[in-house]
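Following: one structure in structure tokens, then a few remarks.
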Amino acid sequence: MYPIQTKHQPFSFYIIVSFGQWIFSALELIPSLLIGDMEYLHNDYHCQVAPSSMRGSLIVCVLGFLFPFIIIACSYVYTIYYIRQHSSTIITTKQRKSMRRDMIILKRVLIILTLLTSSAAPHAFFPVAYRFLGSLPTWHILYKKWNMDSSQLQRVAQCISGSESGNEVELESSNNSESFKKKAKQNRRKWVPLCTYNNKDDAITKIKNDGIRSKTHINITSEGKWVYDRCSQVKRHGKQSPVDIHLLYHSENECVTMYGTGLDHLHQQPKSTGIN
1 MYPIQTKHQP
11 FSFYIIVSFG
21 QWIFSALELI
31 PSLLIGDMEY
41 LHNDYHCQVA
51 PSSMRGSLIV
61 CVLGFLFPFI
71 IIACSYVYTI
81 YYIRQHSSTI
91 ITTKQRKSMR
101 RDMIILKRVL
111 IILTLLTSSA
121 APHAFFPVAY
131 RFLGSLPTWH
141 ILYKKWNMDS
151 SQLQRVAQCI
161 SGSESGNEVE
171 LESSNNSESF
181 KKKAKQNRRK
191 WVPLCTYNNK
201 DDAITKIKND
211 GIRSKTHINI
221 TSEGKWVYDR
231 CSQVKRHGKQ
241 SPVDIHLLYH
251 SENECVTMYG
261 TGLDHLHQQP
271 KSTGIN
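Using UniProt numbering, you'd call the opening residue of the sequence shown number 1 and step up by one each time.
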């Protein structure tokens with residue numbers, strides 16, 4: 001999730017964060033170094049926390065895996081909670097679609113972080129095995145264990161990619177259904193008789209004087225034929241609002257009835273201007 005203004009995340013920011021990550025990774029080893037858990041391993045020819053040390057393994061697990069994971073997980077969980085709490089303020093379909101996409105991404109990030117953290121489970125297995133067995137497991141068993149973990153992570157990645165495509169299809173279908181419902185709701189609007197005029201000239205004059213600004217010329221034809229005229233603006237509570245107008249001419253008494261839809265305050269009983 002990125003901010004609207006890209007100046008808040010310049011390229012130099014990522015460079016500083018990269019160096020900061022290296023520094024914090026080095027600082028994580030200072031407690032183990034001061035306590036004395038760092039040992040020289042003759043079989044591996046380098047210094048590290050001995051796998052047989054329960055205290056050293058616990059410190060590395062807390063500082064290197066558990067503590068960073070808790071901070072990141074809490075940040076993402078709070079973000080998800082914030083989005084759900086403020087979902088009622090999202091009005092447009094585009095914003096709603098963007099919110100659902102962000103929710104899917106955040107949940108997927110949490111799953112990936114959990115899997116990456118769980119991949120360090122063999123490190124916690126070493127001191128426990130040494131405490132009960134008195135020796136560390138042979139390397140060929142650990143090699144098979146790491147191969148099994150990597151294959152499991154690959155399967156999980158495939159499942160996540162499959163769920164991503166399914167979520168995209170779900171988002172697209174939900175958006176299509178929402179647009180379909182919206183169009184169906186618009187098509188179900190009823191044409192309500194608004195008022196009746198004595199003749200064609202009165203109708204045209206009255207409509208023009210009532211604040212209806214039409215994009216097309218008002219033309220009234222013979223009886224039984226609708227004259228469809230989409231008016232761009234109609235006065236509503238002192239403001240201009242869109243509305244659709246239909247006019248019907250009656251040849252027996254030469255009156256004109258105006259029907260409309262789109263505005264609630266226009267849905268009223270027909271008003272007569274001299275015709276009983």
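Cβ atoms here follow ideal geometry from the backbone N, Cα and C, with glycine treated the same way.
Under 9 angstroms, do residue i and residue j count as touching if we go by C-beta distance?
| i | j | result |
| --- | --- | --- |
| M54 | C47 | no |
| P127 | S52 | yes |
With distance defined between alpha-carbon atoms, name the residue in the options nearest to residue i.
| i | options | result |
| --- | --- | --- |
| G56 | Y82, P10, T114 and G36 | G36 |
| L66 | R100, R84 and L115 | L115 |
| E28 | Q85, V49, V60 and I111 | V60 |
| P31 | Y40, I71, S12 and V62 | V62 |
| F69 | R84, L110 and Y78 | L110 |
Helix, strand or coil for residue i per DSSP?
| i | result |
| --- | --- |
| T257 | strand |
| Y82 | helix |
| L34 | helix |
| Y14 | helix |
| Y130 | helix |
Whose C-beta lies closer than 7 angstroms to the C-beta of residue i among residues of the same chain, with five residues either side of it excluded?
| i | result |
| --- | --- |
| V17 | none |
Can you list, in chain order, the residues of its chain whose CB lies under 8 angstroms from that of residue i, leaving out five sequence neighbours each side?
| i | result |
| --- | --- |
| I80 | M103, L106 and K107 |
| I72 | L113 |
| S40 | At residue 40 the sequence reads Tyr, which differs from the Ser that was named. Taken in chain order, the residues that qualify are H46 and C47. |
| Y14 | none |
Quick one: residues in its chain with C-beta nearer than 6 angstroms to the C-beta of residue i, no 5 flanking neighbours on either side, listed in chain order?
| i | result |
| --- | --- |
| V49 | S32, D37, G56 and V60 |
Who pairs with residue i in a beta bridge, going by DSSP?
| i | result |
| --- | --- |
| C47 | Y40 |
| T114 | Answer is none; T114 lacks a bridge partner. |
Within the present structure, is the beta-carbon of residue i separated from the nearest heavy atom of the ligand ZN by less than 8 angstroms?
| i | result |
| --- | --- |
| F13 | With respect to the ligand ZN, the structure offers nothing, as it holds no ligand at all. |
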